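First up is the structure itself, then whatever we jot down about it.
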Amino acid sequence: AHTHEGDTAKDNVHISHHSGSHRLSVRDLPEETLSKVHELTRIDVEIYNIALRQFMKEIAWLESKAALGRRVLCDDVLKHLEPELSYLPSADGQGTNVTQIYSE
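Okay, so the sequence shown: first residue is 948 according to this note's numbering, each after it adds one.
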């Protein structure tokens, strides 16, 4: 655990999970494999996108002054998730942008 650079509050702590990568990036899979995965998981992706948006709404509430009043989802986590989730099509047909969803 470490504090974030620039944080002045002593209770702002970042916990690192899975410091070593335990799997390849989805982007590294062959196109033929990705195509099969997309076909098999088409409905799963729709459900995942709905759940991701709901999760981000709940994080926004948790971070609001009505709840904790501080960040719990760090920018470095969002940056890490961007390439991992960008291959997923969103409702508008573009790739999933976690940072944009978080900002909405």
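Idealized CB from N, CA, C, for every residue including glycine.
Please read all numbers here as calculations on a predicted model, not as lab measurements.
Item	Value
Give a yes or no on whether the C-beta atoms belonging to residue 1040 and residue 1033 are separated by under 8 angstroms.	no
Note down, in chain order, each residue of its chain lying with its Cβ closer than 7 angstroms to the Cβ of residue 1018, except the 5 sequence neighbours on either side.	1010
Where residue 1013 and residue 993 are concerned, what is the direct C-alpha to C-alpha distance, given to the nearest angstrom?	30 angstroms
Just to confirm before moving on: does the CB-CB distance between residue 1049 and residue 1020 stay below 8 angstroms?	yes
What first and last residue would you give for the alpha helix (DSSP H) that runs through residue 1001?	989-1010
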